[in-house]
Amino acid sequence: EHGVNGLKKLPRLKNIDRSSATHMEVTVGAVTVIITDYKPKERNLSSETNN
Amino acid sequence: TGTVELVAPPVSEIELVFKPHPMDEIEDIAAYTRYIKTTANASVDHLAKYLYMRLALERQAREPGTSTEDSGDKNYTIYISPTPGSHVLLSGALTLEQVNEKYWKVNKPLEMFYSSKKPLQ
């Protein structure tokens with residue numbers, strides 16, 4: 002499956018809180034990339050323990 | 031005027047789950063699991079450096095006064111698990127795009143593993 006720009010579309014993470022994103026710039030050699038870190042969504046424990 | 035404007039090709043983004051390697055025997059794996067997004071041109075070395083920087087910052091937050099330079103493990107090794115139970119050590123020069131093409135055949139976000147231990151020979 003490919004997007005409009007011809008690049009392969011890759012699956013996205015689920016169950017993460019996208020509002021929790023923090024960014025870090027990492028440089029190796031001459032290449033700098035941005036790495037975004039997400040926190041997982043809080044699990045609803047009440048529904049899991051309600052047996 | 032005949033000038034040619036060079037435009038860098040678009041770089042796709044890759045989202046991945048980053049877990050501690052089972053050989054590190056970490057009990058609370060969820061606490062050490064990272065959910066990250068970066069560009070497909072990021073290399074395995076970028077991930078290892080990111081991990082070192084991130085964990086050093088977290089240690090510094092927990093223990094104010096410590097230097098990020100005193101954070102111990104600087105050389106994380108990165109693995110991928112192409113099939114259940116197998117972990118393949120990745121070369122630092124590989125980009126995530128190459129890792130995805132070469133090792134990851136399933137239609138779900140990339141899963142990678144990190145370890146502070148030296149790789150088994």
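Protein sequences appear in the order of chains A and B. The first sequence: position 50 = 51 (the working numbering), numbered continuously. The second sequence: position 23 = 53 (the working numbering), numbered continuously. All C-beta atoms, glycine included, are put in the ideal place defined by N, C-alpha and C.
Checklist entry - Going straight from the alpha carbon of residue 101 (chain B) to that of residue 95 (chain B), what length do you get? => result Position 71 of the second sequence, counted from the start, is the residue given in the question as residue 101 (chain B). Position 65 of the second sequence, counted from the start, is the residue given in the question as residue 95 (chain B). Its pLDDT being 49, under 50, residue 101 (chain B) is placed unreliably in this model, and the coordinates cannot settle the point.
Item to check | Beta-ladder partner(s) of residue 145 (chain B), from DSSP | outcome: Translated into the one-based positions of the second sequence, residue 145 (chain B) becomes position 115. Note: residue 145 (chain B) sits in a beta bridge opposite B:107.
Checklist entry - Looking only at DSSP bridge pairs, what is residue 24 (chain A) linked to? => result As a first step, residue 24 (chain A) is located in the first sequence; it is residue number 23 there, counting from the start. Residue 24 (chain A) is bridged to A:37.
Checklist entry - By the 10 Å Cβ neighbour count, where 16 or more other Cβ atoms means buried, how is residue 48 (chain B) classified, buried or exposed? => result On the second sequence, position 18 is the one that residue 48 (chain B) refers to. Buried, since its Cβ has 16 or more Cβ neighbours within 10 Å.
Checklist entry - Can you name the residues of chain A whose CB is closer than 8 Å to the CB of residue 45 (chain B)? => result Residue mapping note: residue 45 (chain B) aligns to position 15 of the second sequence, counting from 1. Chain A residues near residue 45 (chain B): 11, 12, 13, 14.
Next on the checklist: Tell me the rounded alpha-carbon separation between residue 53 (chain B) and residue 45 (chain B).
Outcome noted: Here residue 53 (chain B) refers to the residue found at position 23 when the second sequence is read from its first residue. Here residue 45 (chain B) refers to the residue found at position 15 when the second sequence is read from its first residue. Between residue 53 (chain B) and residue 45 (chain B), the C-alpha separation is close to 24 Å.
Item to check | Nearest residue (CA-CA) to residue 50 (chain B), options B:74, B:135, B:108 | outcome: For the purposes of this step, residue 50 (chain B) is taken as residue 20 along the second sequence, with counting starting at 1. Nearest option by C-alpha distance: B:108.
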